[in-house]
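Sequential numbering of the sequence shown, starting at 431, is according to our numbering. A virtual CB, placed ideally from N, CA and C, is assigned to each residue, including glycine. Below is one structure, written out as structure tokens, with a few remarks after it.
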Amino acid sequence: MKIAVLIFFILILLILSALFFWRMMDHRVDRAEKERLLALGSVRPAVFSKVMVEELPEPARRYFCFTIKEGTPLHRVAEISMRGQFSIGSKEAPAYMPMRAEQVLAAPEGFVWKMSCGSMIKRISGSDSANWTRFWLGGIVPVARAGGTKDHNRSGFARYLAEAIFWTPAAVLPGPGIVWDAVDAQTARLTVEHNGMRQSIDVRIDKEGRPVQIGMQRWSNANKDKDYRLQSFGGYMSDFRTFDGFVLPSHVEAGNLIGTDAYFPFFIADVTDIRFL
């Protein structure tokens, strides 16, 4: 009997040790990708001039002239701190949990979002990127592991391009693979092609030039069938503040099926800091 109990505890110890090692490997990969993306911001950038956007359609020109002040260094990589609410529930039962997160955003190359939400044994933590989604319950039990597929990369590409529009606007200035068109007097459409992927995003811009809403057809499996398909995704931005010459929204909410009665903002964030390299 004593031998059986000892074997049981040894097995538990081995399992916990393996899970701990697995978790540490996740952290190691997170750090390596963050360092790679941050290194992309090490080059001394040009500074913004309205001349750069004078040939753009009027709503896109209005957006850039509002969100980037004249003479601002055009940093394309940012570190973002945020807090807010995150839901793994539904519109009918959202069960929002308090959230804190740190993100490196380096469109069109990628992003790393490290998040923690909930508390005690219900605490969920982990990271999301263009290449993976990995979250743990209580820091011990893996509850979400995805990535390494073209579907996942395509879905992530849409997410971090949308975030670049409102948090790193220099990254979406017109250039190779980046095109802006006018939809109407209040809406501009950004289309980006990169590494064989293509994504269009509509940006609603108010009279002053604030990007107040985004919408797109995103490749996603966030549906009852868990099948990847194009479906509407987007959100709303507000509470604009100045960060190193960029005028950016500090409050963002986003969710699937925007523009329909089923829209549910599972992500609600308040930015506490944005640091440009």
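Boundaries of the alpha helix (DSSP H) around E593: 580-597. Note that the C-beta distance between I498 and A600 is below 8 Å. Burial check for S520: the Cβ neighbour count within 10 Å stays below 16, so the residue is exposed. Assigned with DSSP and collapsed to three states, V483 falls in helix. Nearest to G514 by C-alpha distance, out of F496, A434, E683, is E683. Around the beta carbon of F596, a 10 Å sphere encloses 16 or more other beta carbons of the protein chains shown; the residue is thus reported as buried.
Within the same chain, L567, G568 come within 8 Å of I551 by CB-CB distance, once the 5 residues on both sides are set aside.
Shortest Cα-Cα distance from S479 to any of L603, G645, I704 involves L603. Per the DSSP secondary-structure output, K544 pairs in a beta bridge with E532, S557. In the three-state DSSP reduction, Y693 falls in the coil class, being neither helix nor strand.
The way I'd put it, the segment 634-648 doesn't touch the segment 553-572; fewer than three beta-carbon pairs between them come closer than 8 Å. Assigned with DSSP and collapsed to three states, A684 falls in strand. When DSSP states are grouped into helix, strand and coil, T672 belongs to the strand group.
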